[in-house]
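Each residue of the sequence shown is one higher than the one before, counting from 0 in numbering that gives the first Met the number 0.
From the three backbone atoms N, C-alpha and C, an ideal C-beta is built for every residue, glycine too.
These figures come from a predicted structure and were not determined experimentally.
Working notes for the structure below.
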Amino acid sequence: MDATDHQLISLLRDNARMPVTALAQALRVSRATVQNRIDKLEQEGVIVGYTVRLRPEAEAHRIRAWMTIAVEGNKARAVLQALRGEPNVQALHTTNGRWDIIAELRADTLEAFDRTLDRIRLIDGISATETSILLSTYK
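Right under this line is the structure:
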């Protein structure tokens, strides 16, 4: 990927519905060049899809948070399996460093969020957690 591809991806991240002609103008290249680059990025698996971003207040799950999770010994698979069954866990990421797993959490109310935290903390194999509620999102 070159600088133009990176700029194209940045524009699509801001507005995935931006017309190809507007992308071409912003990048100062032809419409065909933009279309070819998008097609190539999709075929190579760099762009895997397009999505809709909602204002946080428009979403059903208004409470959003990241939970970092430390796992005891070799219990990561069992913990991940248990977390997959938790309805307020939107995504799971394994990581290195102090924490083993990062969970993206969403809930409708603080009470529901608190109950979610309680259920997660009871999962066998979790030795520690730290949770941060997301206040604002900028990108």
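Euclidean distance between Cα positions of A69 and I119 | Against the sequence shown, residue 69 aligns to sequence position 70. Against the sequence shown, residue 119 aligns to sequence position 120. The straight-line gap from Cα to Cα measures roughly 12 Å.
Measure the alpha-carbon distance for R105 versus R36 and round it to whole angstroms.
-> Translated into the one-based positions of the sequence shown, residue 105 becomes position 106. Translated into the one-based positions of the sequence shown, residue 36 becomes position 37. Going from the Cα of R105 to the Cα of R36 covers about 35 Å.
Which runs of the beta strand (DSSP E), 3 residues or longer, sit entirely within the segment 81–123?
-> 88–93, 100–106
Could you say if the segment 43–51 and the segment 98–113 meet the contact criterion of at least three C-beta pairs nearer than 8 Å?
-> no
Among residues of its own chain, excluding the 5 on either side of E71, which ones have a beta-carbon nearer than 7 Å to its beta-carbon?
-> By one-based count along the sequence shown, residue 71 stands at place 72. Correct list, in chain order: G124, S126.
C-alpha distance - A2 paired with A111, whole-angstrom precision = In the sequence shown, counting from the first residue as 1, residue 2 sits at position 3. In the sequence shown, counting from the first residue as 1, residue 111 sits at position 112. Their backbone Cα atoms lie some 44 Å apart in a straight line.
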